[in-house]
Amino acid sequence: MNKPGPFARPLADVAATLLKDSFAKQGFASRELVTSWPEIVGAEVAACAEPLKIQWPRGREGEAQQPGTLVLRVEGPAAIEIQHLSGVILERVNRFFGWQAVGRLAIRQAPVSRPGKKEPRKIDPKSIEKVEEGLGMIEDDGLRHALSRLGAAIKRT
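Okay, so the sequence shown: first residue is 390 according to the numbering used here, each after it adds one.
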């Protein structure tokens, strides 16, 4: 009988495999520039700008690699501030890479995606009470109430 191999793989490994081609099409050699963006440039810059792609110049064989252009998506009102901070941003990005990878910034004004926390939807107290009626055999009040909230939330979705 054949024994099945390990099924569980870390989600980061699966995601990295799936996203590698997508990042490569945008000129990113690895995903770390995108995923570590707030740590690289700081929270203030990351709040209003995010990397879209790196455009690499075409070079001839045998020539040294020329620095690329980092294209940033920037919120409209913050574009001038980002332009003024371009030297600092370039220095931080190149320090992250460990070599002069990026020589200039290009700014594209567009809304920046904000993976913010969504406000949880409220659960109807009547549905909580209805589920709690079926949990009469549970003696612990706290546990019974927690399970009833969970059950009402599951029924809602």
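Ideal Cβ placement from N, Cα and C applies to all residues, glycine included.
Please tell me whether residue 429 and residue 486 are closer than 7 Å, where the distance is taken between their beta carbons.
As a first step, residue 429 must be located in the sequence shown, where it is residue number 40. As a first step, residue 486 must be located in the sequence shown, where it is residue number 97. No, the pair does not count as a contact, with Cβ atoms beyond the cut-off.
Specify the secondary structure class of residue 543 as computed by DSSP and reduced to three states.
For the purposes of this step, residue 543 is taken as the residue at position 154 of the sequence shown. Reduced to three states, the DSSP call for residue 543 is helix.
For residue 463, the three-state DSSP class (helix, strand or coil):
One-based indexing of the sequence shown puts residue 463 at position 74. Here residue 463 sits in strand by DSSP.
Do residue 524 and residue 533 count as a contact pair if the criterion is CB distance below 7 Å?
Within the sequence shown, the letter at position 144 stands for residue 533. Within the sequence shown, the letter at position 135 stands for residue 524. In this structure, residue 524 lies closer than 7 Å to residue 533 by Cβ.
How do the region 420–439 and the region 495–502 stand: do at least 3 beta-carbon pairs fall below 8 Å, yes or no?
yes
Hey, how far is the Cα of residue 512 from the Cα of residue 537?
As a first step, residue 512 must be located in the sequence shown, where it is residue number 123. As a first step, residue 537 must be located in the sequence shown, where it is residue number 148. Rounded to the nearest angstrom, the two C-alpha atoms are 11 Å apart.
Indicate whether residue 440 and residue 461 have their beta-carbon atoms separated by less than 7 Å.
Position 51 of the sequence shown, counted from the start, is the residue given in the question as residue 440. Position 72 of the sequence shown, counted from the start, is the residue given in the question as residue 461. Contact: yes.
Using the rule of at least 16 other Cβ atoms within 10 Å of the residue's Cβ for burial, across every protein chain shown, is residue 541 buried or exposed?
Reading the sequence shown from its first residue, position 152 is the one you call residue 541. By the neighbour-count rule (16 or more Cβ atoms within 10 Å), residue 541 is buried.
List the residues that DSSP assigns as beta-bridge partners of residue 499.
For the purposes of this step, residue 499 is taken as residue 110 along the sequence shown, with counting starting at 1. Answer is none; residue 499 lacks a bridge partner.
Which of helix, strand or coil DSSP assigns to residue 476
Stepping through the sequence shown from its first residue, residue 476 is reached at position 87. Reduced to three states, the DSSP call for residue 476 is helix.
With distance defined between alpha-carbon atoms, name the residue in 431, 531, 514 and 530 nearest to residue 478.
For this step, residue 478 is matched to residue 89 along the sequence shown. If we check each option's Cα against that of residue 478, 431 comes out closest.
On the three-state DSSP scale, how would you describe residue 446?
Residue 446 sits at position 57 when you count from the first residue of the sequence shown. Correct three-state label for residue 446: coil.
Do you know how far the Cα of residue 492 is from the Cα of residue 447?
Counting from one through the sequence shown, the residue named residue 447 turns up at place 58. Counting from one through the sequence shown, the residue named residue 492 turns up at place 103. Distance between the alpha carbons of residue 447 and residue 492 is about 14 Å.
Within its chain, find whatever has a CB closer than 8 Å to the CB of residue 488; leave out the 5 residues flanking it on each side and keep chain order.
As a first step, residue 488 must be located in the sequence shown, where it is residue number 99. Closer than 8 Å at Cβ, skipping near neighbours: no residue.
Label residue 471 either buried or exposed according to how many other C-beta atoms from any shown protein chain fall within 10 Å of its C-beta, with 16 as the threshold for buried.
As a first step, residue 471 is located in the sequence shown; it is residue number 82 there, counting from the start. The residue in question, residue 471, is buried, as its Cβ has 16 or more Cβ neighbours within 10 Å.
Where DSSP assigns a beta bridge to residue 438, which residues make up the other side?
The residue given as residue 438 occupies position 49 in the sequence shown. Residue 438 is bridged to 463.
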